[in-house]
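Numbering (my numbering), first residue to last: 155 to 566.
Glycine included, C-beta positions come from ideal geometry on N, C-alpha and C.
All of these numbers come straight from a predicted model, not from anything done at the bench.
Heads up: the structure comes next, in structure tokens.
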């Protein structure tokens with residue numbers, strides 16, 4: 155399992171700093187007699203097995219010890235087998251919360267939403283059972299456990315909000331703990347500023363917003379328009395500078411920022427709060443065009459590995475941005491007036507689809523949906539751009555069709 159530990163701390167740790175490497179390496183020596191430790195390691199490796207681009211490369215010919223990565227289903231079955239010996243309900247621990255979080259991550263990546271939701275709820279329930287959502291608890295813990303317990307709380311705080319927006323789920327965790335800080339026991343002070351920025355981004359989405367997001371009532375409250383406009387402004391200026399952060403953190407922060415803007419925009423659509431004015435106004439109907447351009451720019455400025463380290467989660471966010479832009483184009487709300495030398499919304503849409511089909515070896519499950527939308531937009535644009543002859547010259551509809559299409563129907 156050394157391959158999994160190395161891959162986690164190289165690629166995943168900057169965005170989910172919830173494991174203490176010395177503790178993890180020590181647990182490797184006792185997995186034969188510790189089902190708890192074995193379950194944690196197999197669940198972590200299951201998540202990593204779903205991100206093939208960040209796994210160790212195949213050894214060169216003649217290598218004495220090739221690395222064989224077990225299938226994800228096998229790793230998950232081993233986690234379940236080990237947990238049968240743990241009595242998780244009666245002996246809950248930080249390690250069990252970490253294991254449940256990794257199980258959530260694995261099932262989320264596998265598009266098994268019911269199982270993912272179950273394990274996310276399980277991890278939060280255990281955290282609350284141990285009172286790790288209460289500040290007073292941390293004074294009683296070992297310093298290392300206290301540091302990583304606090305981080306785990308905030309990772310779950312972020313994850314629950316992201317999942318609530320993606321799958322219309324309720325919130326449980328509230329902002330009840332002091333923020334994590336750099337610790338000499340963790341030796342990772344360089345990632346803490348980015349982690350705090352991510353907490354701040356999602357901290358704007360409270361129980362009231364999620365309740366309104368999940369509500370089927372179409373009418374907005376009188377103060378909601380002002381609140382949502384202010385929220386868009388907060389998101390717009392939430393990240394003054396991320397250039398000194400690890401690339402994986404930069405990708406996570408910058409794409410999450412744009413995705414959250416789209417989520418607020420979609421909420422405004424559902425409440426009929428948008429204006430018809432064009433431009434980059436965050437309360438305008440055409441705002442996703444501006445957001446999508448920023449996403450494409452981010453993808454060009456950061457290395458592909460930064461996106462691969464974030465896995466399926468970041469691609470889902472790009473997918474949401476792409477679908478919002480495609481819907482905008484299909485509604486013809488965004489005028490396609492760009493010249494052949496300018497980048498228009500269709501070009502941006504194609505770029506977004508390209509990101510989905512080239513990252514994680516093109517295995518993102520929803521990429522085909524966005525590609526279908528791109529094709530619809532392209533066909534609509536062809537229809538709109540055809541230069542039809544004057545009716546007075548050709549006489550009737552049949553003559554127009556003949557002049558434009560010839561004798562055969564173009565097989566779009």
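Next on the checklist: What would DSSP say about residue 539, mapped onto helix, strand or coil?
Outcome noted: Residue placement at residue 539 is flagged as unreliable, the pLDDT there being 49, under the threshold of 50; the coordinate-derived value follows with that caveat. DSSP places residue 539 in the helix class (H, G or I) of the three-state scheme.
Item to check | Straight-line Cα distance separating residue 325 from residue 542 | outcome: With a pLDDT of 36 at residue 542, under the threshold of 50, the predicted position of this residue should be treated as unreliable, though the coordinate-derived value follows. Going from the Cα of residue 542 to the Cα of residue 325 covers about 54 Å.
Next on the checklist: Using C-beta distances below 7 Å, list every residue in its chain close to residue 337, excluding the 5 sequence neighbours before and after it, in chain order.
Outcome noted: Answer for residue 337: 301, listed in chain order.
Checklist entry - Quick one: what does DSSP say residue 343 is sitting in, helix, strand or coil? => result Residue 343 sits in a helix when the DSSP states are folded into three classes.
Item to check | Spatial neighbours of residue 453 in its chain, beta-carbon cut-off 6 Å, leaving aside the 5 residues before and after | outcome: Spatial neighbours of residue 453 in its own chain (CB-CB distance under 6 Å, excluding positions within 5 residues in sequence) are listed in chain order as 509.
Next on the checklist: Considering just the uninterrupted stretch of the alpha helix (DSSP H) at residue 404, what are its terminal residues?
Outcome noted: From DSSP, the alpha helix (DSSP H) with residue 404 extends over 401-424.
Checklist entry - Excluding the five sequence neighbours on either side, which residues of its own chain have a C-beta within less than 7 Å of the C-beta of residue 428, listed in chain order? => result Here residue 428 has 422, 437, 438, 439 as same chain residues with Cβ atoms under 7 Å from its own Cβ, once five neighbours each way along the sequence are excluded.
Next on the checklist: So the candidates are 517, 521, 386; which of them puts its Cα closest to the Cα of residue 507?
Outcome noted: The residue with the shortest Cα to Cα distance from residue 507 is 521.
Checklist entry - Which of the three DSSP states, helix, strand or coil, is assigned to residue 370? => result Coil at residue 370, not helix or strand.
Item to check | Alpha-carbon to alpha-carbon, residue 484 and residue 478 | outcome: About 10 Å.
Item to check | CA-to-CA distance, residue 330 to residue 181, given in whole angstroms | outcome: Roughly 31 Å separates the two Cα atoms.
Next on the checklist: For residue 265, count the other beta carbons within 10 Å of its own beta carbon; 16 or more makes it buried, fewer makes it exposed. Which is it?
Outcome noted: Around the beta carbon of residue 265, fewer than 16 other beta carbons sit within 10 angstroms, so the residue counts as exposed.
Item to check | Span separating the alpha-carbon of residue 409 from that of residue 462 | outcome: So the alpha carbons of these two residues sit roughly 13 Å apart.
Next on the checklist: Do residue 327 and residue 251 count as a contact pair if the criterion is CB distance below 8 Å?
Outcome noted: When the beta-carbon positions are compared, residue 251 and residue 327 stay at least 8 Å from each other.
Next on the checklist: Just to confirm the assignment: which complete alpha helix (DSSP H) runs, minimum length 4, are found wholly within the segment 227-263?
Outcome noted: Given a length threshold of 4 residues, each whole run of the alpha helix (DSSP H) inside the segment 227-263 is given here in chain order: 248-263.
Next on the checklist: Please identify the residue among 425, 262, 465, 527 whose C-alpha is closest to the C-alpha of residue 373.
Outcome noted: For the residues 425, 262, 465, 527, the minimum Cα distance to residue 373 belongs to 425.
Checklist entry - Would the segment 396-403 and the segment 337-352 be scored as touching if the rule is three or more Cβ pairs under 8 Å? => result Taking one beta carbon from each stretch, the segment 396-403 and the segment 337-352 have 3 or more pairs nearer than 8 Å; the two touch.
Next on the checklist: Taking DSSP's pairing of strands, which residues face residue 429 in a bridge?
Outcome noted: Answer by DSSP bridge pairing, in chain order: 438.
Next on the checklist: Tell me the rounded alpha-carbon separation between residue 415 and residue 269.
Outcome noted: In a straight line, the C-alpha of residue 415 is about 28 Å away from that of residue 269.
Item to check | Spatial distance of residue 159 from residue 376 (CA atoms) | outcome: The alpha-carbon separation between residue 159 and residue 376 amounts to approximately 51 Å.
Next on the checklist: So residue 287 and residue 281 are supposed to be a Cβ contact under 8 Å. How far apart are they, rounded?
Outcome noted: With a contact defined as Cβ atoms closer than 8 Å, residue 287 and residue 281 qualify at about 6 Å.
Next on the checklist: According to DSSP, simplified to helix, strand and coil, what is residue 375?
Outcome noted: The three-state secondary structure of residue 375, taken from DSSP, is coil.
Item to check | Given residue 272 as reference, the closest of 401, 257, 188, 203 once Cα atoms are compared | outcome: 257 is the residue among 401, 257, 188, 203 whose C-alpha sits nearest the C-alpha of residue 272.
Checklist entry - Taking just the CA atoms, how far does residue 254 sit from residue 162? => result Distance from the CA atom of residue 162 to the CA atom of residue 254, rounded to whole angstroms, is 16 Å.
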